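For reference, the structure is listed below as structure tokens.
Residue numbers (the numbering used here): 349 to 863.
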């Protein structure tokens, strides 16, 4: 009997080991499929489950690091990923592709271009699809750097914790006369795919009341997370995906934090079938919306519009908005200015600097045609995604959402406003010798948002000249061509003399300032 046991036991071990190995192989194949579909957040836990069993299995640790870096906006430590370079540049033919993606995510655009070009120059077999993708990431990197080097005349403010959270905040709607804000968020930890409407009141000095759920309006998914409010009567509009993409509205009841139960807006518009975000004008006779013209798997959103006939009340058959607005990629999140002469929308096509950017197009009153879309630039746009752009009644400020670097969590709400700039010039001098600093650039970064910067190249005399925001406190840096960064003292500008004033400021660099 013992002899049988001695014979059977090793066989059982071999069988169990084989089954165990097959399970790991199956899990790894599943993770790889998700990973190369670029669903990094979903691939990460599958790789992690394999690593728990066998941390040395294939390249799971390496792939986990890529997933973390490309799915978590707050995870920016690249040291572990960089440690794989010597090994993976040989083993993984896509290493420099992924490195370029990671560098792009960290706003290291010049480095991203270099890595992606190394990938394209490599002799390993590459499909036309991945080659085209790498070229597109290079284009995005070049464009992102150009936009961030030359910011538009806006300043932005990430709304405070309480409104923004580790969850997603979407579709902000601000009532200027009442200083109230509505937005959507998925804060129910038991139902992370459910978005509720929240209401908060601005209490001054960047302070808001604790957000409260508005119960009667119902809940949303991420795909239909859009509300619009018509100011003249306070009606709150939404579209219900489970009702075929039809429009519904609620009305304020007069009670705080309360709206009526949604009812269908107009049965005559039921053929519209909204697929994503929409806009309805003040007269409630024009709707612009995103509609999927692709397949369920390969989504392709275009903007459509429909008009209500004043005599019959019938809605026109939805038609594409304009041929130069819709691209081969996605157009979404439309917003029309009150005079209906400017269209703002989100797109991951056109001249985007990466992901969805906000674009503007103007209506020619003579030809009634729309101009070629223009990117609103940085800091409203970023290398990540921007959606839900809306203007306040003053037409120079408003709100949008973004999942960019350095947000609190998922998508967060930003406030933006137009700014004025002033010129500043001076010299940068070596503090001990009095010699000019050359082969370097000077950067002015507003303390409130250090991803924004204004810069100037230092000439052979150490002189610089640039424009900066007229009211701000700046972190000042000198970056030499060899990569050395010198942090200088903070510098404040208060343009009491008006925006035509030129400020003169010299900076002195001491060896102890460099790092």
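Cβ coordinates follow ideal geometry from the N, Cα and C atoms, glycine included.
Note that the structure is predicted; figures quoted are calculated from it, not measured.
Classification of residue i by the beta-carbon crowding that lies within 10 angstroms, buried from 16 upward
{"i": "residue 586", "result": "buried"}
{"i": "residue 631", "result": "exposed"}
{"i": "residue 469", "result": "exposed"}
{"i": "residue 848", "result": "exposed"}
{"i": "residue 576", "result": "buried"}
{"i": "residue 653", "result": "buried"}
{"i": "residue 373", "result": "exposed"}
{"i": "residue 850", "result": "exposed"}
{"i": "residue 625", "result": "buried"}
{"i": "residue 363", "result": "For residue 363, the predicted structure reports a pLDDT of 47, less than 50, and the residue's modelled location is therefore unreliable. A value from the coordinates is still provided. Looking at its Cβ environment, which holds fewer than 16 other Cβ atoms inside 10 Å, residue 363 is exposed."}
{"i": "residue 444", "result": "buried"}
{"i": "residue 519", "result": "buried"}
{"i": "residue 746", "result": "buried"}
Beta-bridge partners of residue i, as assigned by DSSP
{"i": "residue 669", "result": "Paired residue(s): none; residue 669 is not in a bridge."}
{"i": "residue 736", "result": "The partner list for residue 736 (beta bridge, DSSP) is empty, contrary to what the question assumes."}
{"i": "residue 759", "result": "According to DSSP, which records beta bridges pairwise, residue 759 is partnered with nothing at all."}
{"i": "residue 711", "result": "718"}
{"i": "residue 823", "result": "793"}
Backbone CA spacing between residue i and residue j [nearest angstrom]
{"i": "residue 392", "j": "residue 416", "result": "7 Å"}
{"i": "residue 836", "j": "residue 779", "result": "12 Å"}
{"i": "residue 453", "j": "residue 703", "result": "11 Å"}
{"i": "residue 859", "j": "residue 475", "result": "50 Å"}
{"i": "residue 857", "j": "residue 700", "result": "38 Å"}
{"i": "residue 693", "j": "residue 783", "result": "50 Å"}
{"i": "residue 673", "j": "residue 718", "result": "8 Å"}
{"i": "residue 821", "j": "residue 798", "result": "11 Å"}
{"i": "residue 409", "j": "residue 613", "result": "52 Å"}
{"i": "residue 371", "j": "residue 447", "result": "30 Å"}
{"i": "residue 561", "j": "residue 739", "result": "24 Å"}
{"i": "residue 472", "j": "residue 811", "result": "47 Å"}
{"i": "residue 697", "j": "residue 855", "result": "42 Å"}
{"i": "residue 361", "j": "residue 402", "result": "Since pLDDT at residue 361 reaches only 48, below the 50 mark, its modelled position is unreliable, and the value read off the structure follows with that caveat. For residue 361 and residue 402, the distance between alpha carbons rounds to 17 Å."}
{"i": "residue 499", "j": "residue 800", "result": "8 Å"}
{"i": "residue 607", "j": "residue 495", "result": "42 Å"}
{"i": "residue 744", "j": "residue 754", "result": "25 Å"}
Element boundaries [alpha helix (DSSP H), containing residue i]
{"i": "residue 468", "result": "457-469"}
{"i": "residue 452", "result": "443-453"}
{"i": "residue 414", "result": "408-419"}
{"i": "residue 395", "result": "388-401"}
{"i": "residue 438", "result": "433-439"}
Residue i and residue j closer than 8 Å at C-beta
{"i": "residue 772", "j": "residue 853", "result": "yes"}
{"i": "residue 748", "j": "residue 706", "result": "yes"}
{"i": "residue 610", "j": "residue 582", "result": "no"}
{"i": "residue 750", "j": "residue 760", "result": "yes"}
{"i": "residue 720", "j": "residue 679", "result": "no"}
{"i": "residue 709", "j": "residue 691", "result": "yes"}
{"i": "residue 501", "j": "residue 767", "result": "yes"}
{"i": "residue 843", "j": "residue 819", "result": "yes"}
{"i": "residue 757", "j": "residue 515", "result": "yes"}
{"i": "residue 573", "j": "residue 584", "result": "no"}
{"i": "residue 390", "j": "residue 382", "result": "yes"}
{"i": "residue 781", "j": "residue 816", "result": "no"}
{"i": "residue 461", "j": "residue 490", "result": "yes"}
{"i": "residue 827", "j": "residue 787", "result": "no"}
{"i": "residue 451", "j": "residue 459", "result": "yes"}
{"i": "residue 824", "j": "residue 792", "result": "yes"}
{"i": "residue 546", "j": "residue 531", "result": "yes"}
Extent of the continuous beta strand (DSSP E) to which residue i belongs
{"i": "residue 776", "result": "769-778"}
{"i": "residue 804", "result": "802-805"}
{"i": "residue 694", "result": "690-695"}
{"i": "residue 497", "result": "Unbroken run through residue 497 is the alpha helix (DSSP H), 476-497; no beta strand (DSSP E)."}
{"i": "residue 858", "result": "Note, residue 858: premise wrong, no beta strand (DSSP E); not H, not E."}
{"i": "residue 554", "result": "No beta strand (DSSP E) holds residue 554; DSSP gives it neither H nor E."}
{"i": "residue 638", "result": "634-640"}
{"i": "residue 797", "result": "Run containing residue 797: none; DSSP gives neither H nor E here."}
{"i": "residue 582", "result": "Run containing residue 582: none; DSSP gives neither H nor E here."}
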